[in-house]
Amino acid sequence: MKLWVLVLILASSVFMGSQDAPTSKTHSVLEKNVPVPMRDGVVLRADVMRPPEADKFPVLVYRTPYGKDTAQLQYTTFKHAVERGYAVVIQDVRGRHHSDGDFRPYENEGLDGYDTIEWAAAQTWSNGDVGTFGLSYPGAVQWLAAVQNPPHLKAMVPAMTFSTPQNFFYAGGTWDMSWIEWIWDDIAWDTRAKKNLPGPRTYREALAAWNEEGPKMLNTLPLLDVKPLQQAAPYYFDWLQHPPEDPWWNWSELRDKYSHTRAAILNLSAWYDDNYGPEGATTNFAGLLLARKAEKDPRTHLLLGPWVHGVDSTAKTRSGERELGPTAAIDYDEVVLRWMDHYLKGMDNGVDREKPVRYFVMGRNQWRDGDQWPPTARETSAFLAPASDGSSAGRLQSSPFDKQDSFSEFVSDPSNPVVNMYDSSGAHDYRKLASRADVLTFDSALLQEDTEITGPITARIFVSCDCRDFDLWTRLLDVSPDGTAINLMSPGLDVLRASYRDFSRGRQLLSPGTIYELKLENLITSNVFLQGHRIRLQISASFTPNFSRNLQSGKSEVNSVEMKRAHIRVFHDAKHLSQVVLPIIPVVR
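Quick note, the sequence shown lines up with residues 44 to 632 if you use our numbering.
Structural data, given as structure tokens:
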């Protein structure tokens with residue numbers, strides 16, 4: 044979920060006094076609510092922490108919608124940065140907490156970030172070299188500012204963030220429903236308090252009200268009829284008016300702008316991060332390498348761990364139900380500051396001599412360093428085939444199923460969708476889904492040896508439907524000998540709306556009964572399936588409440604309630620070779 048989990052405190056509580064104050068423990072100076080003017084006259088406010096010496100320092104900028112006061116209670120990076128000789132600017136973004144203006148998530152962060160970076164560079168305590176860091180929204184704001192090309196931005200560590208609105212606001216053409224909870228829990232209450240609107244006006248009140256209001260909002264159709272957010276979050280309804288192919292979204296598109304920044308960039312995400320995270324980090328890394336291919340040092344690295352979304356998760360060795368061993372945790376502050384030490388201070392700390400790619404291999408539970416992403420792999424097709432020997436599950440096999448007119452069929456009912464039984468991120472046991480009549484399951488044979496899959500995974504599925512549209516979910520699972528079926532990524536990387544099968548042509552409804560090839564290319568992981576395990580592919584037409592339901596009537600859930608039950612066929616015959624293409628890494632013995 045996009046929900047940025049905050050500590051259970053009153054977000055309106057004051058972190059420190061408003062006066063400048065040297066602190067005895069960290070020997071730093073703190074200035075509170077320093078005004079930072081934007082080019083349109085709106086004033087944002089920041090806290091500035093710096094060493095007490097009368098000197099000029101490199102500056103780290105952190106911009107957040109969650110409250111700069113709360114950030115300083117939650118995170119240690121600021122204190123550690125000052126101890127290492129940095130000035131730190133911690134700013135409330137436009138319209139949030141102490142800053143003026145109206146908050147429209149992400150939309151103003153490009154120019155506001157540019158202006159803040161250049162303001163920081165011009166201060167008397169600044170040496171003119173500026174870096175940025177942060178995770179989730181504080182990661183996104185870095186990219187949105189960087190592609191505006193602020194001249195004093197030298198380095199950045201954007202963590203667990205996106206590359207494109209098509210896999211951030213949307214995923215595979217479906218609407219990301221977690222925006223509702225994010226707005227309700229983290230944003231709307233502060234807006235209500237500022238504008239004297241009805242409803243919860245503190246973080247605690249919002250959390251308490253979510254238990255009743257949340258399920259109602261998540262089940263509301265059409266999506267434009269979510270009344271509890273209409274006054275506090277008008278931007279949400281503006282977003283819904285723009286389908287994923289609408290050029291309106293170009294303001295948040297990064298994939299064509301990598302040449303716009305010269306900053307040294309460490310891209311950080313995780314296998315169980317929100318769907319946009321691992322895709323965003325790998326896409327941004329590849330885009331930077333391409334934009335800088337003529338340079339000896341492209342000044343970009345990629346770090347992919349096994350965690351869920353959040354700074355605190357990077358210090359943990361467990362992700363959901365999966366224990367990943369003592370080496371899984373990292374020191375997030377050290378990762379950020381070591382990058383800054385090299386690219387802002389010029390320290391010879393070895394960063395530029397390390398392999399540019401570091402990723403965690405689950406199952407083997409070890410880190411691996413490499414020269415490229417993805418690593419060299421043997422692209423191996425696992426073909427779908429019907430069940431045999433009385434099994435309820437179909438097969439994933441190494442050779443195509445060569446019979447004619449072979450297919451598996453299920454009925455999808457939008458009024459009774461497949462439900463994600465877990466409300467937390469991470470690895471979970473999804474074995475129960477195999478018992479649903481509207482879920483198709485395909486299992487490999489028992490693996491005779493450890494099998495590593497690392498890199499992008501492609502599912503090519505041939506389908507037909509007696510409807511005008513449906514969503515295809517293709518979830519990849521690691522099945523243990525005891526039947527436990529663990530997901531390898533968060534929902535959203537594994538879905539494609541059939542009407543967006545060719546995104547370049549926009550939405551194209553289906554002709555009922557016609558066979559189409561649907562190609563899903565965003566699946567990604569690094570996992571060793573151990574000997575005796577199975578590889579499982581599960582197919583369904585819904586997975587709520589993570590993403591919006593396809594009504595299957597050809598109408599959009601944004602403005603319609605018209606549903607249709609649909610018969611969906613998945614073909615696996617000589618003419619229609621449905622398959623999942625797995626990047627298999629040779630196992631080192």
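Here a beta-carbon is modelled for each residue, glycine too, at the ideal position from N, C-alpha and C.
Check your understanding: How close, in whole Å, do the beta carbons of L264 and E600 come, if the pair is a contact with beta carbons under 8 Å?
Key -> Working through the sequence shown from its first residue, we reach residue 264 at position 221. Working through the sequence shown from its first residue, we reach residue 600 at position 557. Correct: roughly 6 Å between the Cβ atoms.
**Study point:** S596 Cβ short of 7 Å to the ligand HEM heavy atom set
**Key:** The ligand HEM is not part of the structure shown, which contains no ligands of any sort.
Practice item. Compare the C-alpha of D374 against each of L387, R381, A358 and name the closest. Key: Walking along the sequence shown from the start, residue 374 turns up at place 331. Taking only the C-alpha atoms, the option nearest D374 is A358.
Check your understanding: Based on Cα-Cα distance, which residue from V604, D472, E495 lies nearest to S523?
Key -> One-based indexing of the sequence shown puts residue 523 at position 480. Nearest of V604, D472, E495 to S523, Cα basis: D472.
Review point. According to the Cβ coordinates, are A528 and L520 closer than 8 Å?
Key: Numbered from 1 along the sequence shown, position 485 holds the residue referred to as residue 528. Numbered from 1 along the sequence shown, position 477 holds the residue referred to as residue 520. Yes, they are a contact pair.
Review point. How would you call H637, buried or exposed, if buried means at least 16 neighbouring beta carbons within 10 angstroms?
Key: Lying before the first or after the last residue shown, residue 637 is absent from the chain, which here runs from 44 to 632.
Exercise for review: Could you pull out every residue in the same chain whose Cβ sits closer than 6 Å to the Cβ of P629, ignoring the five residues on either side in sequence?
Suggested key: Here residue 629 refers to the residue found at position 586 when the sequence shown is read from its first residue. There are no such residues.
**Study point:** S478 classed as buried or exposed, judged by whether at least 16 other C-beta atoms fall within 10 angstroms
**Key:** The residue given as residue 478 occupies position 435 in the sequence shown. It counts as exposed.
Exercise for review: Leaving aside the five residues before and after T66 along the sequence, list all residues of the same chain whose C-beta is less than 6 Å from its C-beta, in chain order.
Suggested key: The count along the sequence shown starts at 1 and reaches residue 66 at position 23. Here the model assigns T66 a pLDDT of 40, short of 50, so the residue's position is not dependable, and the following value carries that caveat. Counting only Cβ-Cβ distances below 6 Å, and skipping sequence neighbours, we find nothing.
Review point. If you compare alpha carbons, which of S312, D493, E255, D145 is closest to P349?
Key: Against the sequence shown, residue 349 aligns to sequence position 306. The option with the nearest alpha carbon to P349 is S312.
Check your understanding: Going straight from the alpha carbon of A489 to that of L573, what length do you get?
Key -> Here residue 489 is taken as the residue at index 446 of the sequence shown, counted from 1. Here residue 573 is taken as the residue at index 530 of the sequence shown, counted from 1. In the sequence as displayed, the identity of residue 489 is Leu instead of Ala. Using only the alpha carbons, I get a separation of about 10 Å.
Review point. According to the neighbour-count rule (16 or more other Cβ atoms, all chains shown, within 10 Å of its Cβ), is M390 buried or exposed?
Key: By 1-based counting over the sequence shown, the position of residue 390 is 347. With fewer than 16 other Cβ atoms within 10 Å, it is exposed.
Exercise for review: Report the residue ranges of all beta strand (DSSP E) runs contained in full by the segment 442-522; include only those spanning at least 3 residues, in chain order.
Suggested key: 450-455, 483-486, 494-508, 514-522
Check your understanding: Which residues in the same chain have their Cβ closer than 6 Å to the Cβ of R305, if we skip the five residues on either side of it in sequence?
Key -> In the sequence shown, counting from the first residue as 1, residue 305 sits at position 262. None.
Exercise for review: List the DSSP bridge partners of P78.
Suggested key: Counting from 1 along the sequence shown, the entry for residue 78 is found at position 35. Note: P78 sits in a beta bridge opposite R88.
Review point. In chain order, which continuous runs of the alpha helix (DSSP H) of length 4 or greater are located wholly inside the segment 117-150?
Key: 120-126
Review point. If we ignore side chains and look at the alpha-carbon of each, how far apart do S362 and A470 end up?
Key: On the sequence shown, position 319 is the one that residue 362 refers to. On the sequence shown, position 427 is the one that residue 470 refers to. Answer to the nearest angstrom: the Cα atoms are 6 Å apart.
Review point. Would P95 be called buried (16 or more neighbouring beta carbons within 10 Å of its own) or exposed?
Key: For the purposes of this step, residue 95 is identified with residue 52 of the sequence shown, where counting begins at 1. The residue in question, P95, is exposed, as its Cβ has fewer than 16 Cβ neighbours within 10 Å.
Review point. Helix, strand or coil: how does DSSP classify F426 here?
Key: Here the question's residue 426 lines up with position 383 in the sequence shown. In the structure shown, F426 sits in a strand (DSSP, three-state: E or B).
Review point. How close, in whole Å, do the beta carbons of I223 and M260 come, if the pair is a contact with beta carbons under 8 Å?
Key: Your numbering for residue 223 matches position 180 in the sequence shown. Your numbering for residue 260 matches position 217 in the sequence shown. Correct: roughly 5 Å between the Cβ atoms.
Review point. Taking C-alpha atoms, which residue in L178, I226, W168 lies nearest to R147?
Key: Your numbering for residue 147 matches position 104 in the sequence shown. Of L178, I226, W168, the residue nearest in Cα terms is I226.
Practice item. Scan the segment 511-591 and note each continuous beta strand (DSSP E) run of 3 residues or more that stays entirely inside, going in chain order. Key: 514-522, 528-530, 538-540, 559-572, 577-583
**Study point:** Coarse secondary structure for F212, derived from DSSP in three states
**Key:** Looking up residue 212 in the sequence shown gives position 169. Correct three-state label for F212: coil.
Review point. Quick check: the segment 449-468 against the segment 567-586, are there 3 or more CB pairs under 8 Å?
Key: yes
Point to revise | Own chain partners of L283 with C-beta closer than 8 Å, once the 5 adjacent residues on each side are dropped | key: For the purposes of this step, residue 283 is taken as the residue at position 240 of the sequence shown. Taken in chain order, the residues that qualify are W218, L266, L267, V601.
Check your understanding: What residue range is occupied by the uninterrupted alpha helix (DSSP H) comprising K237?
Key -> One-based indexing of the sequence shown puts residue 237 at position 194. 232-238 is the span of the alpha helix (DSSP H), which, as asked, contains K237.
Exercise for review: Might you give, ordered along the chain, the residues of its own chain that have their beta carbon closer than 6 Å to the beta carbon of G323, omitting 5 neighbours on each side?
Suggested key: Within the sequence shown, the letter at position 280 stands for residue 323. Excluding positions up to five away in sequence, the list reads T204, F205, S206.
Check your understanding: Three or more beta-carbon pairs under 8 Å between the segment 537-554 and the segment 382-400, yes or no?
Key -> no
Check your understanding: Is the segment 193-200 close to the segment 557-567, with three or more CB pairs under 8 Å?
Key -> no
Review point. Just checking, does the segment 181-188 make contact with the segment 504-518 on the three C-beta pairs under 8 Å criterion?
Key: no
Exercise for review: Let me know the secondary structure DSSP gives M606 once reduced to three states.
Suggested key: Here residue 606 refers to the residue found at position 563 when the sequence shown is read from its first residue. M606: coil per DSSP, three-state reduction.
**Study point:** Alpha-carbon to alpha-carbon, Q595 and V604
**Key:** Here the question's residue 604 lines up with position 561 in the sequence shown. Here the question's residue 595 lines up with position 552 in the sequence shown. Computed Cα separation, rounded: 10 Å.
Point to revise | Minimum length 3: unbroken beta strand (DSSP E) runs contained in the segment 259-318 | key: 307-315
Point to revise | N-terminal and C-terminal residue of the beta strand (DSSP E) that R411 is part of | key: Taking the first residue of the sequence shown as position 1, residue 411 is located at position 368. Note, R411: beta strand (DSSP E), 409-413.
Review point. Taking the continuous alpha helix (DSSP H) assigned at Q440, which residues delimit it?
Key: On the sequence shown, position 397 is the one that residue 440 refers to. It is not in any alpha helix (DSSP H) - Q440 instead sits in the beta strand (DSSP E) that spans 437-440.
Exercise for review: Compute the distance between the beta-carbons of W253 and D289, then report whether it is under 8 Å.
Suggested key: Residue mapping note: residue 253 aligns to position 210 of the sequence shown, counting from 1. Residue mapping note: residue 289 aligns to position 246 of the sequence shown, counting from 1. Going by C-beta atoms, W253 is not nearer than 8 Å to D289.
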